[in-house]
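Notes follow the structure.
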Amino acid sequence: MIVLFVISMDGSFIARYDEDIIKDELGEYVMDIVLQATGIRKVFGTKSNLVPVLDNIDFNVQEGEIVGIMGPSGAGKTSLLNILATIDKPTSGSVRISGTEITSLSDEPLSEFRREKLGFIFQDYNLLDSLTIRENIMLPMTFSNKFDLTTDVRVTEIAGKLGIETILNRYPYETSGGQKQRTAAARAIIHNPRLVLADEPTGALDSKASMDLLSAFQLMNDEYGTTILMVTHDAFAASYCDRIVFMKDGKLFTELVKGDNDRKSFFDRLVTTLSSLGGGSYDII
Ligand SMILES: Nc1ncnc2c1ncn2[C@@H]1O[C@H](COP(=O)(O)OP(=O)(O)O)[C@@H](O)[C@H]1O
Ligand SMILES: [Mg+2]
1 MIVLFVISMD
11 GSFIARYDED
21 IIKDELGEYV
31 MDIVLQATGI
41 RKVFGTKSNL
51 VPVLDNIDFN
61 VQEGEIVGIM
71 GPSGAGKTSL
81 LNILATIDKP
91 TSGSVRISGT
101 EITSLSDEPL
111 SEFRREKLGF
121 IFQDYNLLDS
131 LTIRENIMLP
141 MTFSNKFDLT
151 TDVRVTEIAG
161 KLGIETILNR
171 YPYETSGGQK
181 QRTAAARAII
191 HNPRLVLADE
201 PTGALDSKAS
211 MDLLSAFQLM
221 NDEYGTTILM
231 VTHDAFAASY
241 CDRIVFMKDG
251 KLFTELVKGD
261 NDRKSFFDRL
271 VTTLSSLGGG
281 SYDII
């Protein structure tokens, strides 16, 4: 429940708005919750063979957070991310992103919403081989008709920050895995999305390239206020997050918040939590 109190300069009480009024009257301006998922259930299969995969998940992401989802293989992480990413629909439950209920949108407004408000980073980069690195980064602008004279400047600026400015005219096959993934990160934020979703973004990277990508995430978060939700089974990647939620058997069951911890001590706490959970494979370095 979110409640907004409006207090005057001299400290006297003016008004109180509850969650629904905040959403209805003030829209996304005062909403600092980017993602609000409530009662998410997902059942795959048909009548004779129902596979329950997500069981009543409630989950929020605040603006400006980097949130990680961890859990053993088969826990339902990708299924959850796909629902939050508008790629799949839940069997029941509500997903609000930036105040819009996305589960009830039909195909066309949904793809528009996805193009405008979301950015994606996948484990296997998903770059187009026939386009240069610069053209790959520009793609979301082209798709959403936002392409203009400033786009090129923005591409160069973001590429500079992510350390890929020297490869902008190359094709993906002429770059390393780490450079490809930082290209994917640049592409994910070029159109200023409300939320970037990443599924195992360091999964195919060596440790140096992972560290560069995670530093890029941190920079995106610091400089552009990018909100990031990532699934990872790698405690090192997770230690770059502000908060980790743990999943098991389709449920969220605990959460660790970095708070004032530095990255190293958060990493140590994550490793301790993961080893106490057992029953799954995690990369702890
Ligand atoms: N399309 C599908 N049809 C049936 N079962 C599925 C489908 N997708 C995923 N599952 C099942 O859902 C469970 C969770 O899968 P997934 O979300 O990929 O887990 P994770 O990403 O945590 O490894 C697994 O048991 C998987 O076999
Ligand atoms: Mg997965």
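Heads up: the sequence shown begins at 1 in the UniProt record's numbering, then just goes up one per residue.
We treat Cβ as the ideally placed atom computed from N, Cα and C, and that holds for glycine.
Item                                                                                                                                                  : Value
Could you spell out the range, first to last residue, of the beta strand (DSSP E) harbouring Pro52?                                                   : 51-62
To the nearest angstrom, how far is it from the Cα of Val155 to the Cα of Gly119?                                                                     : 15 Å
Could you tell me the alpha carbon to alpha carbon distance between Glu28 and Thr175, rounded to whole angstroms?                                     : Summary for Glu28: the model assigns pLDDT 44, below 50, so the residue's position carries little reliability; its value from the coordinates is reported in the next sentence. Cα-Cα distance, rounded: 39 Å.
Would you check if the region 133-153 and the region 181-197 touch, i.e. whether three or more CB-CB distances between them fall below 8 Å?           : yes
Cutting at 7 Å between CB atoms, please list the residues of its own chain near Asp55, excluding the five before and the five after it.               : Arg41, Gly250, Lys251
Express the C-alpha separation of Lys47 and Ile137 in angstroms, rounding to a whole number.                                                          : 43 Å
Are there 16 or more other CB atoms within 10 angstroms of the CB of Asn126, so buried, or fewer, so exposed?                                         : exposed
In this structure, does DSSP put Leu110 in helix, strand or coil?                                                                                     : helix
Taking the continuous alpha helix (DSSP H) assigned at Arg134, which residues delimit it?                                                             : 133-143
Within its chain, find whatever has a CB closer than 7 Å to the CB of Thr151; leave out the 5 residues flanking it on each side and keep chain order. : Met138, Met141
Any chance the CB of Thr78 is under 7 Å from a heavy atom of ligand 2?                                                                                : yes
Measure the beta-carbon distance from Thr91 to Ile133 and round it to whole angstroms, keeping in mind my assumption that it falls under 8 Å.         : 40 Å between Cβ atoms; not a contact.
Would the C-beta of Val245 count as close to ligand 2, meaning under 7 Å from any of its heavy atoms?                                                 : no
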